[in-house]
Structure formats: C-alpha cells, structure tokens
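Here my numbering is used: the first residue of the sequence shown is 23, the next is one more, and so on. We put the beta carbon where it would ideally sit given N, CA and C, even for glycine.
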Amino acid sequence: MKSILKKVAGVAVAAVLALGMFSCSNGIDYPVKQTVATPEFSVESGAVNSGTSVTISCATGDAKIYYTTDGSEPTAANTEYTAAISITEAVTVKAIAVKDGMNNSAVASVSYTIYTPKYSVGDFVLKNGTILSKDKTPESGTVAAVIVRADTSTKTALGVGIVHKKSGLAWCTESATGFETKISALVGDETSGYMDGSDGWEILKEACSDAASNPENYPAWNYSLTYAKNNGLTGDLATGWYLPTVAELYTIYQNKTAVDESLSKAGGSTFDNYNYWSCCQYPSNYDRARVLFFYNGSMGSNSKDINFNYVCSVRAFN
C-alpha cells in the first residue's frame, strides 16, 4: 500500500491514500477531504445555433452547481444551476460544483458564439456557384438550385434542382433486382430512420447486383445520377445530386411556400400539391417505396414500378 510519511510538529503522519485516511502515531484516523468532480457541459465550446440548450452536470452526487455568464470566476454566491441554459448570444459560461464536507471542484469553462448561416431557405444557387438572395429576381437560365434547408452549426444547407421530372419514372422496373429486395438501410420516414439520402445510391448498389451496371433499371434514381449532365451543370455542381429521403422531402414540404416562390422566380418546377418519390424503402412490402404527398405533407407508398409520381433531385451545399 502506497503511503507518504510526513513530519508535522514532531508527529509522524502516514497518509494512506488508498483508504482516504490520515493515520497518526497517536492511533487516531482522520479522513482525507475529497474534492468534488469538475462540472461538465453538454455542448462543447464553439459556434452554436441561437437557442441551443446547454446542460451542466456533476459526477459527485448531491453536489450543487453555481455558474456565471459574464466570464467571472464562480462561487457559491453566484446563480445556482437548476435548469438548462439557452444560448442566444456570444457568452462564456463558467461553473463550479460544491458539496458540504468536500473541497470545491475545479472551475469548468466554455465559450459560445452564435452560428451565422450562409444560406437561407429560398436563396438561389446560381450555375456559377454564387448565392443570390431569395429577395432578388435571378436572370433567366442562371439558377441551378433553390435552398430548401438553411445550414446550421451541425448540418449543411440542402438545395433542390429547379427541374423536376413530372411523370414517367418508376422507382425501379419490375425486372430490376431491387423490385422485391429488402433494403433495410433505406427504411425511413419524416423524422426517423434513413434521413440523409446522400449515400442512397451506394446503399442500393450494395443491395442490388444490377444497379451499378444497369442504372436505367432504377429510373427515378438515374434521373438524379444524370441530373447535372442533363441540365448543363459543371464544376462543383456536376456532382452530389441524389434522390431525397422522405425526411428531406418533408423538410421541403415544411418550407414549400418559400421554396415554390423561388422556384417560380427561377422558371423552375414547383412542388404544388404533387406526389414525389423518395429513395426510402417500405418497411414490410419490399416491392413498395415511400412517397410524400405535397398536398398535405403525409407519407404514403406505391409499387416501385409505378411511373406517375414526380421526381426531384437534391444536393448538399457547404
């Protein structure tokens, strides 16, 4: 057992660290005063979205946490932490944990700034890669996409191509391997499951042996694969287009008024009240795929070989 011998006023003291006790030569044991665990913040320092909720916790049971938001060192005389803190401006939060009979914890500190989005819903992404405000009217033929989801501190912006296919594209043909294949990785709805479709084609190719060699067996998917080429998009805009998930379509539905207004300004296709294919698989009937109904935002499904649903292509924008 590790111990430290000290001379204090002529008395030999053994601090028995493993037991947390001082053992003196007079036979009396004295407890070592422990230190409260340092508080922890649920969100690390950095740029956050306005309204981000931050919680503070301490691993020491029954310890009380006190904090400041003006950069000063906290003490037990400051505000006691009882509920999550909402971050709405640049701020430094410092916290200390206190418990009777123990040493106060070390001070924990985080600093936040408010994230400023690069894009707003309805903004135009021009074919030359520049951004045009939704409040402007773009020149004819210059728009590649309209932003349907603004960027945040944790997500990139999402844009939709302005040209939609209004009919004639099945999710896949009846002869395609994927027509009755269970593709669990593509199961998703408006708020859960498979939500970011950017790797959907890779998932489909892994599940369906004919996808890579015969993409025409998957018409709705192939529309997105060839979207840039068929619409004269080059440079960075030549890649990254994909068939959206139900969740991504639902995001468009939630912002439909602003999105359709900008699509109309750009001379593009509007969502109106039409039905759109998603890339998502129906969870139990493997010959069906998910559809979003833009007249009310509800989710449905159709046989994968049905060709009367609309198709759009989306892309992330950094």
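In the three-state reduction of the DSSP assignment, Asp92 falls in the strand class. Annotation for Ile205: Ala229 and Gln303 place their beta carbon closer than 6 Å to its own, counting only its chain and skipping 5 residues before and after. Your pair Leu191 and Ala242 checks out as a contact, with CB atoms roughly 5 Å apart and the cut at 8 Å.
Just so you know, the alpha carbons of Lys149 and Thr261 end up roughly 13 Å apart. Glu202 carries a coil assignment under DSSP once its states are collapsed to helix, strand and coil. In terms of Cα proximity to Thr203, the closest of Val268, Lys156 and Pro305 is Pro305. Here the C-alpha atom of Asn125 lies approximately 6 Å from the C-alpha atom of Val58. Relative to the Cα of Asn318, the nearest Cα in the group Thr248, Thr273, Ser325 and Leu285 belongs to Thr273.
The beta carbons of Ala311 and Ser320 sit no closer together than 9 Å. Shown here for Thr135: same chain residues with a beta carbon closer than 6 Å to its own, the five before and five after excluded, namely Ala69 and Ala112 in chain order.
Here Ala130 is not near Thr82, since their CB atoms are 9 Å or more apart. 9 Å or more divides the Cβ of Asn295 from the Cβ of Leu314. Between Lys156 and Ala280, the C-beta gap is smaller than 9 Å, which places the two residues in contact. Here the alpha carbon of Ser64 sits roughly 42 Å from the alpha carbon of Asn324. DSSP places Leu191 in the coil class of the three-state scheme, outside both helix and strand. The continuous beta strand (DSSP E) containing Leu314 extends over residues Arg310 to Phe315. Assignment of beta-bridge partners to Tyr134 by DSSP yields Gly68 and Val113.
Assignment of beta-bridge partners to Pro139 by DSSP yields no partner.
Taking C-beta atoms as the reference points, Leu265 and Gly215 fail to come closer than 9 Å.
In terms of Cα proximity to Glu238, the closest of Gly200, Ser72 and Glu283 is Gly200.
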